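**Q** I'd like to ask some things about the structure below.
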Amino acid sequence: MSSTPNIPIPRNEPVLGYAPGAPERETLKAALALMSAEQLEIPVVAGGRELRSGTLVDVVSPHAHQRVLARVHQADAGGIRAAVDAAVAAQREWASWRFEDRAAVFLKAAELLASSHRAILNAATMLGQSKTAFQAEIDSACELIDFLRFNVAYAEQIYREQPGSSPGVWNRMDHRPLEGFVYAITPFNFTAIGGNLPTAPALMGNTVVWKPAATAALSNYHFFRLLEEAGLPPGVINFLPGNAVDISDALLAERMLAGIHFTGSTPVFHSLWKTVGGNLDRYHGYPRLVGETGGKDFVLAHASADVDALAAGLVRGAFEYQGQKCSAASRAYIPDSIWPAVMQRMTDMMATIRVGDVADFRNFMGAVIDARAFRKISGYLERARQDAGVSIVAGGGADDSEGWFIEPTLLQVEDPRYRLMCEEIFGPVLTVYVYPERRWAETLTLVDETSPYALTGAVFAQDRAALVEADRALRNAAGNYYVNDKPTGAVVGQQPFGGARASGTNDKAGSILNLLRWVSPRSIKETFAPPKDYRYPFMGAE
Ligand code: NAD
Numbered sequence: 031m032s033s034t035p036n037i038p039i040p041r042n043e044p045v046l047g048y049a050p051g052a053p054e055r056e057t058l059k060a061a062l063a064l065m066s067a068e069q070l071e072i073p074v075v076a077g078g079r080e081l082r083s084g085t086l087v088d089v090v091s092p093h094a095h096q097r098v099l100a101r102v103h104q105a106d107a108g109g110i111r112a113a114v115d116a117a118v119a120a121q122r123e124w125a126s127w128r129f130e131d132r133a134a135v136f137l138k139a140a141e142l143l144a145s146s147h148r149a150i151l152n153a154a155t156m157l158g159q160s161k162t163a164f165q166a167e168i169d170s171a172c173e174l175i176d177f178l179r180f181n182v183a184y185a186e187q188i189y190r191e192q193p194g195s196s197p198g199v200w201n202r203m204d205h206r207p208l209e210g211f212v213y214a215i216t217p218f219n220f221t222a223i224g225g226n227l228p229t230a231p232a233l234m235g236n237t238v239v240w241k242p243a244a245t246a247a248l249s250n251y252h253f254f255r256l257l258e259e260a261g262l263p264p265g266v267i268n269f270l271p272g273n274a275v276d277i278s279d280a281l282l283a284e285r286m287l288a289g290i291h292f293t294g295s296t297p298v299f300h301s302l303w304k305t306v307g308g309n310l311d312r313y314h315g316y317p318r319l320v321g322e323t324g325g326k327d328f329v330l331a332h333a334s335a336d337v338d339a340l341a342a343g344l345v346r347g348a349f350e351y352q353g354q355k356c357s358a359a360s361r362a363y364i365p366d367s368i369w370p371a372v373m374q375r376m377t378d379m380m381a382t383i384r385v386g387d388v389a390d391f392r393n394f395m396g397a398v399i400d401a402r403a404f405r406k407i408s409g410y411l412e413r414a415r416q417d418a419g420v421s422i423v424a425g426g427g428a429d430d431s432e433g434w435f436i437e438p439t440l441l442q443v444e445d446p447r448y449r450l451m452c453e454e455i456f457g458p459v460l461t462v463y464v465y466p467e468r469r470w471a472e473t474l475t476l477v478d479e480t481s482p483y484a485l486t487g488a489v490f491a492q493d494r495a496a497l498v499e500a501d502r503a504l505r506n507a508a509g510n511y512y513v514n515d516k517p518t519g520a521v522v523g524q525q526p527f528g529g530a531r532a533s534g535t536n537d538k539a540g541s542i543l544n545l546l547r548w549v550s551p552r553s554i555k556e557t558f559a560p561p562k563d564y565r566y567p568f569m570g571a572e
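Residues in the sequence shown are numbered from 31 upward in steps of one, following this note's numbering.
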C-alpha cells in the first residue's frame, strides 16, 4: 500500500577525511583491530532463522591471505528452499505496509550506518575487500547511505505519480510490487551495491533473496544485520551465501521468480538471461531483468588537454581500488604531441604510490580480491611482456606471497585493437594508445568501436569545439560520460550510474529509473455515477 508522506530531502552524506588526529580515524582503527582479531561465523538467514549447513568457505583478507576473517556456511538445498519460501511467504504482509513504514526502516538503516555502524562497515570492507580507508568511506558508508536515503525520496515521486481524472471519475495508479520474489545477485567490489540491490526492490514492497559475492560476505553480512536492527521484518530480505551456480540454478527454476537484480560480469548476466529465457514457460509472469555489468572504460585526451589534470585523472581513475571498479579507466588515447609530458607526469606520480596492507593508512592501494583475479591479471601482464608491440612503461610486477598484490601498471600498445584495449581486465592496468594528433576524428571512431562495452568514459580537452565533437561521436559509447574528470566516482543523486551495450540494461542504480523496474502499476478507474442504459444519445429518434 502506498501513500505520499513528506520525505526528508536527502543530501549526500559528507565524506569523512580520516586525517591524522581526526576522531573518525581512531574509531576506525579500533574497529579494524577488533575485527582482525576475531573470526565470524556467518549463517544463511531465511525468514529470520539462522541455518548452518556445516559446509564452510573462508573469507580472507586479500592483502594478508592467511588471515581468515570469517567462515561462511554455504547454502544447501534446504537453505535455498527455506529462503525462497520465506520470501514468498513474507510478501503479502510486507506489501501491505504503508510506504512510510517501509521507508522508515531504510531511513533508520541509513542513520545507523552514518553513526554507530559506520566504522564497522568500513572496517569490514577494508579487511575483507582490501579497500583503503577513503575507498571504504565513499563506498560502504557514503554511497550506501545515499542509496538508502535517495531511494526513499525517489520512491515517493513514483507514488505521487498519478493520472488525471475527468468529471464523475476518479483515476488512480496503484504502484504494486511484483508478484513473487526478486533475486539479488551482488558483486564483490562495492559494499554499497551489495546493499542497494536487495534494498531497492524491498523498498517498493517486494521481498528478496540476496546472494552476496563470496569475497564480500563479511561486509554484506554486517549490513544485513544492520537492516534487521533497523526493523526489517524477517523474510523480507533473505541472506543466502553459497555456490553461485547451484543457487542460481535453483532460483531461476522457481515459478515465483519475479525479477533479477544483478551487478557483476557480462558473461554471468548473459547466462542468467539465457536461463530465464529457457524457463519462460515455468514462470507466473515475465521476470524483470536488471543487470549492470562489465566495462572497458576509456579516457580520451585531445591535444588541448590540461596535462596535469589528465595525468591525475588517469592515475586516480585507473589505480584506485586496484582498478577493480566497473568504472575504472583501463584504456587511454593520448595524442603524440602531449604523450611525453603525460607519461613523465604519470610515472612521477606512480613512483610515489604505496601498495600494501590497507590498515597502514599511508598506502594508496591494497591487494586484488582473490587468487583467481591475481592469476588473471598477472596472466595479462605476462602476455604483455612477451607480445611484440606492447611496452611496459611503469609497473608490471606481481607478488602473491602475503597478499594478492599487483603493481599499478602502465602499458603502451602499437595496435589500438590489441586485446589490452578491448577486454575487461579488472585490475590496476592502464593501456595507452598514442595517436597522431592530426587523427583526432578517426580516434573518436576508434574509441566508439573498439570494445563491446559502454559504461564510463572521459574526455579531456580545453578546446570547446573538440568537446562538442567528442560528445557527438561518443554519445553511445558510455552511460556515464565525464568531461575533464576521471571516469570513476559517480555520486548517488548526482550522476546516476549504468551503461548500455554489453555493460548492462542501464537502469541507473540509485535513481527513479531503477525503482520503476520493481513496481507493476495497476490503473484503477472509479466511476461515481455510472450510466444506467447502454444506449448513447446519438441513437435517439429524429
Ligand atoms: P561476477 O560476475 O564474478 O560475480 C557477480 C555475482 O554473480 C556474485 O555474487 C557471484 O557469486 C555471482 N555469480 C558468479 N558466477 C555465477 C553464475 N555462473 N551464475 C550465477 N551467479 C554467478 O563479478 P564480480 O567479480 O563480483 O564483479 C566484477 C564485475 O562486476 C566486473 O565485470 C565489473 O565491471 C562488474 N560491475 C559492474 C558494475 C556496474 O554498475 N555496471 C558495478 C560493479 C561491478
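Each residue gets a CB set at the ideal place from its N, CA and C atoms; glycine is no exception.
These numbers come from a predicted model, not from an experiment.
CA-CA distance, residue 541 and residue 181?
**A** Rounded to the nearest angstrom, the two C-alpha atoms are 7 Å apart.
**Q** What residue does the alpha helix (DSSP H) around residue 475 start on, and which one ends it?
**A** Segment 470 to 479, the alpha helix (DSSP H) holding residue 475.
**Q** Which residues does DSSP list as the beta-bridge partners of residue 395?
**A** DSSP output for residue 395 lists 385 as bridge partner(s).
**Q** DSSP puts residue 100 in a beta bridge; with which residues?
**A** According to DSSP, residue 100 bridges with 70, 89.
**Q** Of all the options 429, 545, 423, which has the alpha carbon lying nearest to the alpha carbon of residue 441?
**A** Checking every option, the nearest Cα to that of residue 441 belongs to 423.
**Q** State buried or exposed for residue 107, treating a residue as buried only when at least 16 other CB atoms are found within 10 Å of its CB.
**A** So residue 107 ends up on the exposed side.
**Q** Determine the DSSP secondary structure at residue 252, reduced to helix, strand or coil.
**A** In the structure shown, residue 252 sits in a helix (DSSP, three-state: H, G or I).
**Q** Taking just the CA atoms, how far does residue 392 sit from residue 406?
**A** The alpha-carbon atoms of residue 406 and residue 392 are separated by roughly 27 Å.
**Q** Are the CB atoms of residue 478 and residue 497 within a distance shorter than 8 Å?
**A** Result no, Cβ atoms of residue 497 and residue 478 do not sit closer than 8 Å.
**Q** Can you tell me the Cβ-Cβ gap for residue 398 and residue 92, rounded? I've got them flagged as a contact below 8 Å.
**A** Confirmed, about 6 Å.
**Q** Does the beta-carbon of residue 517 have 16 or more other beta-carbons within 10 angstroms, so that it is buried, or is it exposed?
**A** So residue 517 counts as buried.
**Q** In angstroms, rounded to a whole number, what distance separates the CA positions of residue 253 and residue 464?
**A** Cα to Cα, the separation comes out at about 44 Å.
**Q** Going by alpha carbons, who is nearest to residue 154 out of 319, 90, 215?
**A** The shortest Cα separation from residue 154 among 319, 90, 215 belongs to 90.
**Q** Is the distance from the Cβ of residue 251 to the Cβ of residue 37 below 8 Å?
**A** No.
**Q** Which class does residue 39 belong to by DSSP, given the choice of helix, strand or coil?
**A** In this structure, residue 39 counts as coil in the three-state DSSP scheme.
**Q** Are residue 293 and residue 229 closer than 8 Å when you measure CB to CB?
**A** The answer is no: Cβ separation not under 8 Å.
**Q** May I ask which residues mark the beginning and end of the beta strand (DSSP E) holding residue 226?
**A** Run containing residue 226: none in the beta strand (DSSP E); it sits in the alpha helix (DSSP H), 221 to 233.
**Q** If the criterion is Cβ atoms closer than 8 Å, does the pair residue 246 and residue 224 meet it?
**A** The answer is yes: Cβ separation under 8 Å.
**Q** Using three-state DSSP, classify residue 278 as helix, strand or coil.
**A** Here residue 278 sits in helix by DSSP.
**Q** Looking at the strands, I want to know which residues DSSP matches up with residue 530.
**A** 484.
**Q** I'd like to know if the region 483 to 497 and the region 344 to 363 are in contact, where contact means that at least 3 CB-CB pairs between them fall below 8 Å.
**A** A contact exists between the region 483 to 497 and the region 344 to 363.
**Q** Between the region 270 to 277 and the region 192 to 206, do three or more beta carbon pairs fall short of 8 Å?
**A** Touching, no, given that fewer than three Cβ pairs across the two stretches are closer than 8 Å.
**Q** Hey, residue 48 and residue 165: beta-carbon distance below 8 Å or not?
**A** Contact: no.
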